[in-house]
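Engineer: Pasting a structure here, questions to come.
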Amino acid sequence: MELFPDQRQALELARQANVFILTGGAGTGKSTTVKSILDDLATGGFRFALAAPSGKAAKRLSEVTGKPASTIHRLLEPEKINDGFAFTRGPNKPLEDDLIVLDEVSMVDVSLMARFLEAVKPQTKLILVGDPYQLPSVGPGNVLRDLLESRAFPAVELTIIKRQDEGLIIKNCHRIKNGEDILVDNANAKDFFFLSLKEEEAIQSAIVELVTRKLPEARKLNPFRDIQVISPLREKTLLSCKAVNARLQQALNPNPIIEGCRFKAGDKVIQLKNEYGLGIVNGDLGYVQTIDKAARKIEILFENPDRAITLDPFENDLDLAYCLTVHKSQGSEWPAVVIPVHKSFGSLMMNRNLLYTAVSRAKGLCVMVGQREEIPKIVQRRGQEKRFTGLAGFLNEKES
């Protein structure tokens, strides 16, 4: 595999450094570079592990590298203790790998990163991979950006767009990242479209029509697995996840609803909390297989791990997943992504990093629906600088 100059620089640093950070925006070849590093270093009896914060991100990491990957939580081997859980791996029982690649580091909060680093032996080579232009973690901190700003570790930012057939998705990701308005060419574009509508009701109806009929017919896409609606808000507006999920459940799933249960057989769902004993973590996506009201059982086939899990249909931490928040979509990609745009989301929510993260989830098609005039305002709002953690300063003090 022929590498670009920035990728060759990354490979050389990965060979030399004990801790190395690889970053880059959409389409710059992070996954290809990681695969090249693994092919170069993980030979013979060299032990390695690949991990990511969510099940979907771990599955994607495995697909692009051709090597097994797990969530960080599973890598640290949680075990049940009384009413809670603790990680088996730590200072007294560190991970035995010679090389660990941790992907999607922007999603990792300081608490989980601390637990992870406690379990890494000093001699282990550690490669941290991420996109600093995405949203920071839901939990406290801004680990990736702080590590980069500290300059305590060697880092390479990939800047050359590697995809030969560069479409408007990649171009607009980089325009958003740089605070520039998006390019729209509905007449000639193949992968990026903007459907201009003003009112929330009209935008919601257009999204339902896109997901249930137009995109499946025009692009031969499965509305459950291939198309993902991504919204900035979980609730409170007609374009929030709660409202859009209700409409899409009604439109896509004709199965009867069970009294007292929010879900139907066939629904697309997401797990909202870690359940280490069941092997599922926050962010895992799945599909409802069966619901037995009398036995109080709902069976979910999760995408990662690829197995069925039985839960209580009335008391669980599931939510519908036809529409996900931008945070919940991180670490995942879909053939098609639909994004509502409306001033009702508010200026605090709609910023450059959020929009960039949402658009970069699309592999082949991105459709924005809503108020076109909002985009120039959104890309001027920089959300990343609002976290003050002190981590970069602490690392600089340790280095000096």
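Residue 3 is where the sequence shown starts when you use our numbering, and the numbers rise one by one after that. Glycine is no exception: its CB is placed at the ideal position from the N, C-alpha and C atoms.
#1: Assuming the contact rule is C-beta atoms closer than 8 Å, residue 109 and residue 234 should be a hit. Round their C-beta distance to whole Å, please.
#2: Please determine if the stretch 39-55 and the stretch 234-252 are in contact, where contact requires at least 3 C-beta pairs separated by less than 8 Å.
#3: What's the call for residue 62, buried or exposed, on a 16-neighbour Cβ count within 10 Å?
#4: Can you name the start and end residues of the beta strand (DSSP E) that residue 375 belongs to?
#5: How big is the Cα-Cα spacing for residue 344 and residue 216?
#6: By Cβ distance, which residues of its chain are closer than 7 Å to residue 366, with the 5 residues on each side in sequence left out?
#7: Could you tell me which residues DSSP pairs with residue 83 in its beta bridges?
#8: Which value, in whole angstroms, describes the spacing of the CA atoms of residue 44 and residue 69?
#9: Of all the beta strand (DSSP E) runs that stay within the bounds of the stretch 198-251, which reach a length of 3 or more residues?
#10: List the residues that DSSP assigns as beta-bridge partners of residue 272.
#11: Spell out the partners DSSP gives residue 368 in its beta bridges.
#12: State the DSSP-derived secondary structure class of residue 411, mapped to helix, strand or coil.
#13: Going by the beta-carbon positions, is the gap between residue 118 and residue 104 smaller than 9 Å?
#14: Using three-state DSSP, classify residue 292 as helix, strand or coil.
#15: Could you pull the DSSP bridge partners for residue 184 from this structure?
#16: Residue 72 by DSSP, collapsed to three states: which one?
#17: Express the C-alpha separation of residue 35 and residue 59 in angstroms, rounding to a whole number.
Structural biologist: Working from what's here:
#1: Not confirmed; about 17 Å, so no contact.
#2: no
#3: buried
#4: Here residue 375 belongs to no beta strand (DSSP E), and DSSP marks it neither H nor E.
#5: 22 Å
#6: 193, 337, 338
#7: 86
#8: 11 Å
#9: 229-233
#10: 287, 321
#11: 194, 339
#12: Residue coverage of the chain in this structure runs from 3 to 402, which leaves residue 411 outside it and unanswerable.
#13: yes
#14: strand
#15: DSSP lists no partner for residue 184.
#16: strand
#17: 17 Å
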